[in-house]
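2 protein chains.
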Amino acid sequence: MSNLDQIAKLSGFSKATVSRVLNHSPHVSQATRDKITNIMEELDYVPNGNAISLSKGQTQQIGMVTEGINEVMLPFLNSFVETASQHGYQTIIYTSGGDPQKELQAFEDMRRKRVDALVISTCVNDLALLGSYCKYGPIVSWQRMELPEIASVAMNQYDGYMLGLEHVIQRGYTRIANAFGRPSSMNTLSRINAYEDMMRKYELPVYPHWSRTGVYSIRQGEQLVRELLGGAEERPNAILCANDLVAAGIVSEARRQQLRIPEDLAVVGFDNTELAHTLGITSVYNPIADQAKNAFHLLLSKLKGVEEEQQILQYCLVQRATT
Amino acid sequence: MSNLDQIAKLSGFSKATVSRVLNHSPHVSQATRDKITNIMEELDYVPNGNAISLSKGQTQQIGMVTEGINEVMLPFLNSFVETASQHGYQTIIYTSGGDPQKELQAFEDMRRKRVDALVISTCVNDLALLGSYCKYGPIVSWQRMELPEIASVAMNQYDGYMLGLEHVIQRGYTRIANAFGRPSSMNTLSRINAYEDMMRKYELPVYPHWSRTGVYSIRQGEQLVRELLGGAEERPNAILCANDLVAAGIVSEARRQQLRIPEDLAVVGFDNTELAHTLGITSVYNPIADQAKNAFHLLLSKLKGVEEEQQILQYCLVQRATT
DNA sequence: ACTTGACATGTAACGCGTTACAACATTTAG
DNA sequence: CTAAATGTTGTAACGCGTTACATGTCAAGT
Chain A
278 MSNLDQIAKL SGFSKATVSR VLNHSPHVSQ ATRDKITNIM EELDYVPNGN
328 AISLSKGQTQ QIGMVTEGIN EVMLPFLNSF VETASQHGYQ TIIYTSGGDP
378 QKELQAFEDM RRKRVDALVI STCVNDLALL GSYCKYGPIV SWQRMELPEI
428 ASVAMNQYDG YMLGLEHVIQ RGYTRIANAF GRPSSMNTLS RINAYEDMMR
478 KYELPVYPHW SRTGVYSIRQ GEQLVRELLG GAEERPNAIL CANDLVAAGI
528 VSEARRQQLR IPEDLAVVGF DNTELAHTLG ITSVYNPIAD QAKNAFHLLL
578 SKLKGVEEEQ QILQYCLVQR ATT
Chain B
278 MSNLDQIAKL SGFSKATVSR VLNHSPHVSQ ATRDKITNIM EELDYVPNGN
328 AISLSKGQTQ QIGMVTEGIN EVMLPFLNSF VETASQHGYQ TIIYTSGGDP
378 QKELQAFEDM RRKRVDALVI STCVNDLALL GSYCKYGPIV SWQRMELPEI
428 ASVAMNQYDG YMLGLEHVIQ RGYTRIANAF GRPSSMNTLS RINAYEDMMR
478 KYELPVYPHW SRTGVYSIRQ GEQLVRELLG GAEERPNAIL CANDLVAAGI
528 VSEARRQQLR IPEDLAVVGF DNTELAHTLG ITSVYNPIAD QAKNAFHLLL
578 SKLKGVEEEQ QILQYCLVQR ATT
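The following block contains the structure:
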């Protein structure tokens with residue numbers, strides 16, 4: 278392995294000049310540049326990334342914090358990785374599996390300068406703890422957070438949920454159940470507020486039993502159908518779901534139980550992922566890929582101290598066969 | 278930001294001793310260790326990851342090369358990230374979007390010592406080119422590769438495909454179509470061989486028109502149904518798919534066209550992902566998560582020069598409602 | 001001819017741990 | 001009581017670019 282020092286010696290120039298060539302500095306004559314470039318090619322030289330990171334004090338790496346990678350965050354992840362890479366940044370995945378201790382690794386890695394910044398997709402640690410890491414680098418969250426230091430790129434959950442609720446109510450469903458996501462997350466709180474406000478507005482019944490939190494996956498969706506529609510006398514006739522995965526689980530389990538959709542049960546998913554399209558599930562469109570782009574640009578702004586342009590994001594409801 | 282030098286000066290010991298404390302070397306007395314540890318805590322000291330990487334010559338980071346992250350590789354990615362993290366390695370995602378030039382970034386990053394090793398999920402560059410990067414670090418591939426330097430953890434595609442074929446033939450389907458994946462990949466070649474051998478064995482008709490390559494996604498599956506079952510006189514009555522995504526697309530489009538499944542059309546997916554379970558699609562089980570584990574352990578073996586244990590993986594067919 | 005400035009290049013310190021080797025002290029074995 | 005073994009700590013070089021500042025050169029301006 279050759280290094281910059283050898284290139285300098287062999288070419289007869291100083292390390293500084295070689296470094297300038299490497300960094301396309303204009304302060305090098307063409308002749309010098311050519312000579313040095315030739316020698317670098319001869320020796321098959323490439324600069325050592327770690328040395329660069331050490332001296333520059335940044336790694337061009339951004340950590341993504343998540344509980345685990347699932348279908349819902351796929352477009353977020355893809356879009357983020359893609360956008361970052363276009364700007365010369367790589368993305369490191371930190372999955373916690375729900376373990377706060379494991380999640381902390383990501384934050385510690387920022388403290389240790391292994392990553393320049395963090396995007397949070399899902400997060401299981403205390404706000405206070407997160408706050409204490411803000412001084413080590415910029416953090417942006419997909420989910421809404423109550424910390425001023427941590428910007429969020431999520432859509433307005435309250436409005437989005439209202440949209441879904443309004444939709445089913447307009448179509449005549451009145452017994453509405455909810456499969457919410459992470460308990461006590463801002464997203465969930467906003468949705469709960471939306472639900473309560475809407476029920477009040479139309480004076481519809483609220484059965485606490487019909488609202489669940491902590492429902493994210495296909496399996497949990499299936500399970501929910503068994504519980505809510507098993508044999509109880511008073512059953513909901515519409516379910517709004519934390520995401521399309523849950524909706525998919527509900528739809529497939531409901532069909533297995535000979536329930537007619539949408540006659541007996543209306544189902545509304547969230548995020549309008551590929552899955553919702555495939556299965557024909559009505560879903561609230563959530564511009565996830567654009568949110569990821571915004572997340573990256575927010576981080577870049579903070580890293581470079583310059584304003585980067587943010588997109589303004591729209592949401593809407595996509596109606597399909599389940600309502 | 279405090280550094281090791283400051284800790285050394287303040288504690289009155291040398292940098293070497295401080296470093297020993299950091300690395301839990303046994304050659305430090307308890308008293309010294311305590312003193313140094315206290316000072317580190319006082320100053321809120323953490324070692325700089327880049328400095329460590331530079332001097333150790335390794336980053337504890339592994340790059341994952343892929344065209345894009347989709348449902349099929351989700352368990353692979355998740356399992357890999359998880360396993361790697363258990364062993365102190367982080368995973369960096371390199372998505373190429375099919376652009377060889379972008380893909381090269383991952384390989385260049387290994388050359389520049391940004392990652393210690395690479396796992397290839399999908400790869401669009403020449404074998405020859407890949408071969409030339411093997412000298413910079415270990416590479417393991419999910420897909421089978423013809424290079425001796427690059428180990429593979431994929432299941433035996435030939436046998437797996439045989440399993441699917443045998444299944445539909447036993448159930449009386451004779452007009453079999455194929456949605457293969459990447460053209461000219463080893464996987465596809467093996468599957469094509471399996472198909473031809475099997476058709477020969479049972480003396481079944483082979484319509485070249487019924488075999489497609491380059492079909493990976495839900496949309497492409499839907500498209501395929503329109504093409505193969507649109508209006509042609511002689512139609513296939515069974516389709517084997519590159520993966521469960523394609524199968525999902527086929528099933529949903531076929532239903533839209535009022536085709537009865539499995540009476541009019543049998544569909545077999547591959548990988549037996551969550552999606553196959555949800556939609557009730559028969560699928561060849563592919564122990565993807567375990568393959569990812571094996572991939573990591575293979576890399577670790579090569580990095581440490583020690584044998585790591587590999588699991589022997591089983592596959593089987595999971596029958597559901599589409600056959 | 002002389003100053004000023006633009007341009008090219010070098011010097012040396014810096015970013016921060018790691019580690020082979022040396023040195024010294026203290027046990028322990030004989 | 002001494003030699004060998006063990007344990008503790010220090011020295012200094014190394015891994016490799018980056019960059020602020022200094023220096024030297026040559027052409028344009030007056």
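Those protein sequences? They're chains A and B, same order as listed.
Every number in the working numbering is 277 more than the matching position in the first sequence, counting from 1.
Every number in the working numbering is 277 more than the matching position in the second sequence, counting from 1.
Even for Gly, the Cβ is constructed at its ideal location relative to N, Cα and C.
Computed from a predicted structure; not experimentally measured.
Residue burial classification, residue i (beta-carbon count within 10 angstroms, cutoff 16)
i, result
"LYS412 (chain A)", "exposed"
"MET278 (chain A)", "exposed"
"GLN420 (chain A)", "buried"
"ILE495 (chain A)", "buried"
"TYR479 (chain B)", "exposed"
"ALA519 (chain B)", "buried"
"GLU540 (chain B)", "exposed"
"GLN434 (chain B)", "buried"
"ALA572 (chain B)", "buried"
"ILE589 (chain B)", "exposed"
"HIS301 (chain A)", "exposed"
"GLU602 (chain A)", "Since the first residue shown for chain A is 278 and the last is 600, residue 602 (chain A) is missing from the structure and cannot be characterised."
"ASP393 (chain A)", "buried"
"ASP548 (chain B)", "buried"
Distance, residue j Cα to residue i Cα
i, j, result
"ARG391 (chain B)", "SER332 (chain B)", "13 Å"
"ALA431 (chain B)", "ILE329 (chain B)", "34 Å"
"ASN563 (chain A)", "LEU299 (chain B)", "46 Å"
"ASP311 (chain B)", "VAL295 (chain B)", "11 Å"
"ALA525 (chain A)", "ASP321 (chain A)", "53 Å"
"ILE339 (chain A)", "ILE369 (chain B)", "9 Å"
"ILE469 (chain B)", "SER288 (chain A)", "55 Å"
"GLY414 (chain B)", "LEU351 (chain B)", "25 Å"
"THR399 (chain A)", "PRO482 (chain A)", "32 Å"
"LEU235 (chain A)", "GLU530 (chain A)", "Residue 235 (chain A) cannot be examined here, being either before or after the span of chain A that is shown, 278 to 600."
"ALA428 (chain A)", "GLY334 (chain A)", "24 Å"
"LEU517 (chain A)", "THR599 (chain A)", "11 Å"
"GLU385 (chain A)", "PRO303 (chain A)", "38 Å"
"ASP443 (chain B)", "HIS486 (chain B)", "The identity of residue 443 (chain B) in the sequence shown is Glu, whereas the question assumes Asp. For GLU443 (chain B) and HIS486 (chain B), the distance between alpha carbons rounds to 21 Å."
"ASP521 (chain B)", "PRO513 (chain B)", "19 Å"
"GLY374 (chain A)", "SER418 (chain A)", "18 Å"
"VAL396 (chain A)", "TYR484 (chain B)", "50 Å"
"GLU318 (chain A)", "GLN283 (chain A)", "13 Å"
"ARG389 (chain B)", "SER409 (chain B)", "14 Å"
Sequence-distant residues of its chain with Cβ nearer than 6 Å to residue i (five each side left out)
i, result
"THR372 (chain B)", "THR343, GLY345"
"SER613 (chain B)", "Residue 613 (chain B) cannot be examined here, being either before or after the span of chain B that is shown, 278 to 600."
"TYR366 (chain A)", "GLN337, ILE339"
"ALA471 (chain A)", "TYR435, TYR438, MET439"
"GLY546 (chain B)", "CYS518, ASP521, ALA524, ALA553, ILE558, SER560"
"GLN500 (chain A)", "none"
"MET387 (chain B)", "LEU395, TYR413, GLY414"
"THR451 (chain A)", "LEU481"
"LEU536 (chain A)", "LEU542"
Neighbourhood of residue i by C-beta distance below 7 Å, restricted to the same chain and skipping five residues each side
i, result
"THR465 (chain B)", "PHE457, GLY458, ARG459, THR490"
"ALA285 (chain B)", "SER291, LYS292, VAL295"
"GLU423 (chain A)", "LEU404, MET463"
"LEU281 (chain A)", "LYS292, VAL295, SER296, PRO324"
"ALA569 (chain B)", "PHE353, SER356, PHE357, THR360"
"ASP567 (chain A)", "GLN588, LEU590"
"GLY314 (chain A)", "Sequence check: residue 314 (chain A) is Thr here, not Gly. Within the same chain, THR314 (chain A) has close Cβ partners VAL298."
"GLY441 (chain A)", "LEU517, VAL545, VAL561, LEU594"
Proximity test, residue i beta-carbon vs the ligand ATP heavy atom, cut-off 8 Å
i, result
"ILE516 (chain B)", "No copy of the ligand ATP appears in this structure; indeed no ligand is present at all."
Cβ neighbours of residue i in the same chain (closer than 8 Å, five flanking residues each side left out)
i, result
"HIS364 (chain A)", "PHE573, LEU577"
"SER532 (chain B)", "The sequence shown places Arg at residue 532 (chain B), not Ser. ILE538, listed in sequence order."
"LEU575 (chain B)", "PRO415, VAL417, ALA428, VAL430, GLU585, GLN587"
"GLU473 (chain B)", "VAL483"
Integer-rounded CB distance, given that residue j should sit under 8 Å from residue i
i, j, result
"GLN497 (chain A)", "VAL528 (chain A)", "The Cβ separation is near 14 Å, so there is no contact."
"GLU348 (chain A)", "GLU348 (chain B)", "6 Å"
How about the region 496-505 of chain B and the region 547-562 of chain B: do they share at least three Cβ pairs that are nearer than 8 Å? no
Please confirm if the region 539-559 of chain A is in contact with the region 568-585 of chain A, defined as three or more CB-CB distances below 8 Å between the two stretches. no
Is there contact between the region 397-412 of chain B and the region 437-448 of chain B, where contact requires at least three CB pairs shorter than 8 Å? no
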